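So the structure is just underneath, and the comments pick up after that.
Numbering (my numbering), first residue to last: 352 to 483.
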């Protein structure tokens, strides 16, 4: 599934939220969608079950903390949630690395690159908000 295919399938009520305008949020939701799909393969191996649980939790935390932070308006609380979101994205990268024996190298490369993109978008937004 491509990002464009996924985006077309997102429910209109999700797309109507103001946070939808932030590309980092959309990419974080897409990242979670891919984690969800990848977890099916991970849980098929006994060793991958714990990794799948951690990966679903950490990847879900990325977009959830952006939502929470956005709901707080602007300022220190929002920035704190965005910082937590960055940490969860970095944690997700670590879990993908741990899963490298259970996913293809193409999947690993794509997921790590997507996580890096999400992190860069979050860091940029955080810096922009702090400079206000």
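Just so it is clear, CB atoms sit at the ideal spot from N, CA and C, and this is done for glycine as well. In this text, all values refer to a predicted model and were calculated from it rather than measured experimentally.
The C-beta of residue 476 has 16 or more other C-beta atoms within 10 Å across all chains shown, which makes the residue buried. Annotated as distal: residue 470 and residue 429, with beta-carbon spacing of 9 Å or more.
In this structure, the straight-line span from the alpha carbon of residue 450 to that of residue 400 is close to 10 Å. The Cβ neighbour count for residue 365, taken over all protein chains shown within 10 Å, is under 16; the residue is labelled exposed. Straight-line measurement puts the Cα of residue 444 at about 22 Å from the Cα of residue 478. Scanning its chain for C-beta atoms nearer than 8 Å, with the 5 sequence neighbours on each side dropped, one finds around residue 402 the residues 393, 446, 449, 450, 453, in chain order.
In this structure, residue 382 and residue 466 form a Cβ contact; the two beta carbons are roughly 6 Å apart against a cut-off of 8 Å.
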